[in-house]
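These notes concern the structure reproduced below.
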Amino acid sequence: MRSLVGLVAVVIAASLYLYSLSLYLPAAPRRRPAEAGHPDTAETERPHDGAEGASRLKFPSDLEELRELAELLQFYKTEHTGYVLLLFCSAYLYKQSFAIPGSSFLNILAGAIFGPYHGLLLACVLTTVGSTMCYLLSQAFGKRYIVNLFPDKVSKLQRKVEENQDCLFFFLLFLRFFPMTPNWFLNMSAPIVNIPITFFFCSVFIGLLPYNFICVQTGVMLSEVSSLDDLFSWERLLQLLAIACMALMPGALIRRYSQRRLKSQNGLISDKKAQ
Numbered sequence: 001m002r003s004l005v006g007l008v009a010v011v012i013a014a015s016l017y018l019y020s021l022s023l024y025l026p027a028a029p030r031r032r033p034a035e036a037g038h039p040d041t042a043e044t045e046r047p048h049d050g051a052e053g054a055s056r057l058k059f060p061s062d063l064e065e066l067r068e069l070a071e072l073l074q075f076y077k078t079e080h081t082g083y084v085l086l087l088f089c090s091a092y093l094y095k096q097s098f099a100i101p102g103s104s105f106l107n108i109l110a111g112a113i114f115g116p117y118h119g120l121l122l123a124c125v126l127t128t129v130g131s132t133m134c135y136l137l138s139q140a141f142g143k144r145y146i147v148n149l150f151p152d153k154v155s156k157l158q159r160k161v162e163e164n165q166d167c168l169f170f171f172l173l174f175l176r177f178f179p180m181t182p183n184w185f186l187n188m189s190a191p192i193v194n195i196p197i198t199f200f201f202c203s204v205f206i207g208l209l210p211y212n213f214i215c216v217q218t219g220v221m222l223s224e225v226s227s228l229d230d231l232f233s234w235e236r237l238l239q240l241l242a243i244a245c246m247a248l249m250p251g252a253l254i255r256r257y258s259q260r261r262l263k264s265q266n267g268l269i270s271d272k273k274a275q
């Protein structure tokens, strides 16, 4: 009971912090005045009211909401970069720490707001830190509840971890590249099946790099694309092909290494039996 109360207290405190952060939205940045002879410019460049902007700060649930949120945060980022960065990091860590679905939307948002390089670095760091916070929360408060809720899944993962103890890090990478187990469940159950936090931390950063890369690049294209014709241009198609190849390469290498490792282990076992 004490662990449940502690978890609820952490969730409430984090929710209040994130809510208060969204309320203290800075004043909208100033835009240049409308040029003479272009009366419609004033309408398109009119700063958003603070209350109106705060009401639009919510987790996106579809592509349209994602595009609107990206435009709003890009608007504020021109003069309030620190606030936008703090708000984005806080929202991302909130989702990851409490295993709330929808991190792909935030990865796309990172690419749309911060660009391909800073967005990818930010997504990788926040994914790793947030997953580690989920690991620690599960270790501190949730072990008994997770075992009671998912007994079969936990026992199956426990067996797999014990079978791959000699190459545990590569096994964790394999699970991240080819998610037979959902990432949120792996984050929560990792301390229960005795996965060391160092292995966990590094496997998340490396293993989710291709996924984060794809999402961030999608966000970059989302901020640049204005019509379907732009999306299906030869330049965009070649970019998508390059992204797919780069994302599949690490997974192919891990799979090949795993197969070689298994073959060598089988050879050692057969040699021992022959002796």
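When we follow the UniProt record's numbering, the leftmost residue of the sequence shown carries the number 1, and every step to the right adds one.
Ideal Cβ positions, reconstructed from N, Cα and C, are used throughout, including at glycine.
(request) Between the Cα of Phe114 and those of Pro151, Cys134 and Phe75, spot the shortest distance and give me the residue it belongs to. (result) Counting from one through the sequence shown, the residue named residue 114 turns up at place 114. It is Phe75.
(request) Alpha carbon to alpha carbon, how far is Leu175 from Gln165? Give it in angstroms, no decimals. (result) For the purposes of this step, residue 165 is taken as residue 165 along the sequence shown, with counting starting at 1. For the purposes of this step, residue 175 is taken as residue 175 along the sequence shown, with counting starting at 1. Distance between the alpha carbons of Gln165 and Leu175 is about 14 Å.
(request) Let me know the secondary structure DSSP gives Glu68 once reduced to three states. (result) As a working mapping, residue 68 is identified with position 68 in the sequence shown. Looking at Glu68 - three-state DSSP - the assignment turns out to be helix.
(message) Quick check: Ser131 and Asn187, are their CB atoms within less than 8 Å of each other?
(response) Residue 131 sits at position 131 when you count from the first residue of the sequence shown. Residue 187 sits at position 187 when you count from the first residue of the sequence shown. For Ser131 and Asn187, yes; Cβs fall inside 8 Å.
(message) When you compare the CB positions of Ile99 and Cys134, do they come within less than 8 Å of one another, or not?
(response) Within the sequence shown, the letter at position 99 stands for residue 99. Within the sequence shown, the letter at position 134 stands for residue 134. Correcting the residue identity first, residue 99 is Ala in this sequence and not Ile. Yes, they are a contact pair.
(message) Determine, for Phe171, whether the minimum Cβ-Cβ distance to residues of chain B falls below 8 Å.
(response) Going by chain labels, chain B is absent from the structure shown, which holds only one protein chain.
(message) Please state whether the Cβ-Cβ distance between Phe201 and Leu172 is less than 8 Å.
(response) Here residue 201 refers to the residue found at position 201 of the sequence shown. Here residue 172 refers to the residue found at position 172 of the sequence shown. Contact flag unset, no.
(message) Phe150 and Phe185 - do their beta-carbons sit closer together than 8 Å?
(response) Numbered from 1 along the sequence shown, position 185 holds the residue referred to as residue 185. Numbered from 1 along the sequence shown, position 150 holds the residue referred to as residue 150. Taking 8 Å as the Cβ cut-off, Phe185 and Phe150 qualify as a contacting pair.
(request) For the alpha helix (DSSP H) containing Ile113, list its first residue and its last residue. (result) Taking the first residue of the sequence shown as position 1, residue 113 is located at position 113. Looking at the DSSP string, the run of the alpha helix (DSSP H) that includes Ile113 is Ser103 to Phe114.
(message) Could you tell me the alpha carbon to alpha carbon distance between Leu66 and Leu4, rounded to whole angstroms?
(response) In the sequence shown, residue 66 corresponds to position 66, counting from 1. In the sequence shown, residue 4 corresponds to position 4, counting from 1. CA-to-CA, the gap between Leu66 and Leu4 works out to about 33 Å.
(message) Can you look up Val125 in the DSSP assignment and give me helix, strand or coil?
(response) In the sequence shown, the residue the question calls residue 125 occupies position 125. In this structure, Val125 counts as helix in the three-state DSSP scheme.
(request) Note the first and the last residue of the continuous alpha helix (DSSP H) segment covering Ser203. (result) Walking along the sequence shown from the start, residue 203 turns up at place 203. Note, Ser203: alpha helix (DSSP H), Ile197 to Gly207.
(request) Using the Cα positions of Val10 and Tyr19, report the straight-line distance between them to the nearest angstrom. (result) Mapped onto the sequence shown, residue 10 falls at position 10. Mapped onto the sequence shown, residue 19 falls at position 19. Using only the alpha carbons, I get a separation of about 14 Å.
(request) Give me the Cα-Cα distance between Leu25 and Ile12, rounded to the nearest whole angstrom. (result) Here residue 25 refers to the residue found at position 25 when the sequence shown is read from its first residue. Here residue 12 refers to the residue found at position 12 when the sequence shown is read from its first residue. Rounded to the nearest angstrom, the two C-alpha atoms are 21 Å apart.
(message) Do Lys95 and Leu86 have their beta-carbon atoms positioned less than 8 Å apart in this structure?
(response) Taking the first residue of the sequence shown as 1, we reach residue 86 at position 86. Taking the first residue of the sequence shown as 1, we reach residue 95 at position 95. Taking 8 Å as the Cβ cut-off, Leu86 and Lys95 do not qualify as a contacting pair.
(request) Using a threshold of 8 Å, state whether the C-beta atoms of Gly119 and Ala110 are closer than that. (result) Along the sequence shown, one-based indexing puts residue 119 at 119. Along the sequence shown, one-based indexing puts residue 110 at 110. Against a cut-off of 8 Å, the Cβ pair of Ala110 and Gly119 comes out as a contact.
(message) Less than 7 Å separating the Cβ of Phe171 from some heavy atom of the ligand GDP?
(response) Among the components of this structure there are no ligands whatsoever, and the ligand GDP is therefore not found.
(message) Is the beta carbon of Val154 closer than 8 Å to that of Val147?
(response) Here residue 147 is taken as the residue at index 147 of the sequence shown, counted from 1. Here residue 154 is taken as the residue at index 154 of the sequence shown, counted from 1. In contact: Val147 and Val154 (Cβ atoms closer than 8 Å).
(message) Measuring straight from C-alpha to C-alpha, what distance separates Glu68 and Gln217?
(response) Within the sequence shown, residue 68 is the residue found at index 68, counting from 1. Within the sequence shown, residue 217 is the residue found at index 217, counting from 1. Taking the straight line joining both Cα atoms gives about 18 Å.
(message) Using only the alpha-carbon positions, how far apart do residue 276 and Phe59 sit?
(response) Lying outside 1 to 275, the shown extent of the chain, residue 276 is not represented and no answer is given.
(message) Just to confirm my understanding: we take Met221, look at its own chain, exclude 5 residues before and 5 after, and list those with CB closer than 6 Å. What are they?
(response) Taking the first residue of the sequence shown as 1, we reach residue 221 at position 221. No residues qualify anywhere along the chain.
(request) Report back the beta-carbon spacing between Ser203 and Phe169 to the nearest angstrom; my notes put them in contact at under 8 Å. (result) Counting from 1 along the sequence shown, the entry for residue 203 is found at position 203. Counting from 1 along the sequence shown, the entry for residue 169 is found at position 169. Sure, about 6 Å apart at Cβ, within 8 Å.
(message) I'd like the list of long-range same chain contacts for Ala123, defined as Cβ closer than 6 Å, with 5 residues on each side in sequence excluded.
(response) Residue mapping note: residue 123 aligns to position 123 of the sequence shown, counting from 1. Only Asn107, Ala110, Asn212 and Val216 meet the Cβ criterion.
(request) Could you tell me the boundaries of the alpha helix (DSSP H) in which Phe88 lies? (result) To locate residue 88, count along the sequence shown from 1; it is residue 88. Here the alpha helix (DSSP H) through Phe88 covers Thr81 to Ser97.
(request) Let me know the secondary structure DSSP gives Asp166 once reduced to three states. (result) For the purposes of this step, residue 166 is taken as residue 166 along the sequence shown, with counting starting at 1. Here Asp166 carries a helix assignment [DSSP, helix/strand/coil].
(request) Would you mind reading off the limits of the alpha helix (DSSP H) that contains Tyr145? (result) Within the sequence shown, numbered from 1, the residue matching residue 145 stands at position 145. DSSP places Tyr145 inside the alpha helix (DSSP H), whose first and last residues are Lys143 to Leu149.
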